[in-house]
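Residue numbers (this note's numbering): 2 to 199.
Where a beta carbon is used, it is the ideal one built from N, C-alpha and C, also for glycine.
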Amino acid sequence: MTTTITRPNESRAARLITDGLDPKTWIIADTILIGWHTGRLSGIGWGLLGCLFAAVIPLAFIKFGIRRGRWADRHVGQRQQRIIVMTFVSASVATGILLLWTFDAPRPMVALIAAMLVTLAALLAVTPAWKISVHAAVSSGSVAMLAMTYGLWVLLAYPVVAVVGWSRVELKDHTLAQVLAGAAVGGAVAASTFALAR
Numbered sequence: 002m003t004t005t006i007t008r009p010n011e012s013r014a015a016r017l018i019t020d021g022l023d024p025k026t027w028i029i030a031d032t033i034l035i036g037w038h039t040g041r042l043s044g045i046g047w048g049l050l051g052c053l054f055a056a057v058i059p060l061a062f063i064k065f066g067i068r069r070g071r072w073a074d075r076h077v078g079q080r081q082q083r084i085i086v087m088t089f090v091s092a093s094v095a096t097g098i099l100l101l102w103t104f105d106a107p108r109p110m111v112a113l114i115a116a117m118l119v120t121l122a123a124l125l126a127v128t129p130a131w132k133i134s135v136h137a138a139v140s141s142g143s144v145a146m147l148a149m150t151y152g153l154w155v156l157l158a159y160p161v162v163a164v165v166g167w168s169r170v171e172l173k174d175h176t177l178a179q180v181l182a183g184a185a186v187g188g189a190v191a192a193s194t195f196a197l198a199r
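The structure is reproduced here in structure tokens:
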């Protein structure tokens with residue numbers, strides 16, 4: 002069961018959006034949808050392998066840390082704790098890329114997970130000085146990569162990214178500037194890496 006800190010008088014809608022559209026949700030959607038586009042069922046299989054290292058193992062690490070009392074919730078709000086988690090996640094994602102490459106996965110699937118790693122590295126570079134929004138970065142990057150795969154009509158989903166950003170500000174987990182910066186960095190880095198690597 003996931004541990005969530007509920008603050009007095011917080012917006013229930015914002016909490017549901019933050020928890021329901023967290024980075025894990027976007028990663029699962031990307032790996033399945035881009036996997037399907039790349040190779041139908043076999044592409045989804047490759048996507049699920051990438052998802053194991055980009056979402057499942059990181060989530061297990063976070064839950065283990067919560068049980069041990071190392072961080073308060075799955076969003077890991079404290080910056081020093083975030084650095085530890087993001088470093089572990091980077092190592093996990095890099096392992097996933099190595100396995101995909103070793104087993105000759107389709108190039109777009111390797112590119113997808115590589116885009117996640119480069120985005121994470123960009124966020125990790127900023128985090129010691131400033132709490133940039135990972136939620137906004139991942140959601141923005143996800144929509145950008147899906148648009149590059151399925152067509153520009155997917156950009157019509159960008160209001161969902163705005164709603165995710167609103168939830169982070171509403172819950173006082175981030176400032177508007179941190180959300181806007183996260184969305185800009187996530188979209189730009191993920192899209193450019195995905196474009197170059199695929």
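Is residue i helix, strand or coil when you go by DSSP?
i       : result
Phe-104 : coil
Arg-75  : coil
Ser-193 : helix
Asp-31  : helix
Trp-131 : coil
Ser-43  : helix
Gly-36  : helix
Ser-12  : coil
Asp-174 : coil
Leu-156 : helix
Leu-22  : coil
Gly-51  : helix
Arg-69  : coil
Arg-199 : coil
Can you tell me whether residue i is buried or exposed? The criterion is at least 16 other CB atoms within 10 Å of its CB, across all chains shown.
i       : result
Thr-103 : exposed
Ala-115 : buried
Pro-24  : buried
Trp-72  : buried
Gln-179 : buried
Gly-31  : Correcting the residue identity first, residue 31 is Asp in this sequence and not Gly. Looking at its Cβ environment, which holds 16 or more other Cβ atoms inside 10 Å, Asp-31 is buried.
Thr-194 : buried
Ala-112 : buried
Ala-130 : exposed
Trp-154 : exposed
Ala-204 : One cannot answer for residue 204 here, as it falls past the ends of the chain, which runs 2 to 199.
Leu-50  : buried
Ala-158 : exposed
Gly-152 : exposed
Leu-42  : exposed
Phe-65  : exposed
Ala-56  : buried
Which residues in the same chain have their Cβ closer than 6 angstroms to the Cβ of residue i, if we skip the five residues on either side of it in sequence?
i       : result
Thr-150 : Ile-35 and His-38
Ile-33  : Ile-45 and Gly-48
So residue i and residue j are in contact, right, with Cβ under 8 angstroms, and what is the actual spacing, rounded?
i       : j       : result
Ile-18  : Ser-168 : 4 angstroms
Ala-122 : Gly-183 : 14 angstroms between Cβ atoms; not a contact.
Trp-27  : Ser-134 : No, Trp-27 and Ser-134 are not in contact; Cβ-Cβ is about 13 angstroms, not under 8 angstroms.
Ala-145 : Ala-185 : The pair is not a contact, with the Cβ atoms about 11 angstroms apart (cut-off 8 angstroms).
Thr-88  : Gly-187 : Actually they are not in contact, since the Cβ atoms of Thr-88 and Gly-187 sit about 18 angstroms apart, beyond 8 angstroms.
By Cβ distance below 8 angstroms, which residues in the same chain neighbour residue i in space, the five residues on each side in sequence not counted?
i       : result
Arg-80  : Thr-128, Pro-129 and Lys-132
Ile-84  : Leu-125, Thr-128 and Pro-129
Val-164 : Ile-18 and Leu-22
Val-86  : Pro-59, Phe-62, Ile-63, Gly-66, Trp-72 and Val-77
Got a sec? Which residues, its chain only, sit under 7 angstroms from residue i by beta carbon, not counting five neighbours each side?
i       : result
Leu-118 : Ser-91, Val-94, Ala-95 and Ile-98
Ser-11  : Checking the displayed sequence, the identity of residue 11 turns out to be Glu instead of Ser. Hits under 7 angstroms: Leu-172.
Ser-143 : Trp-27, Ala-30 and Asp-31
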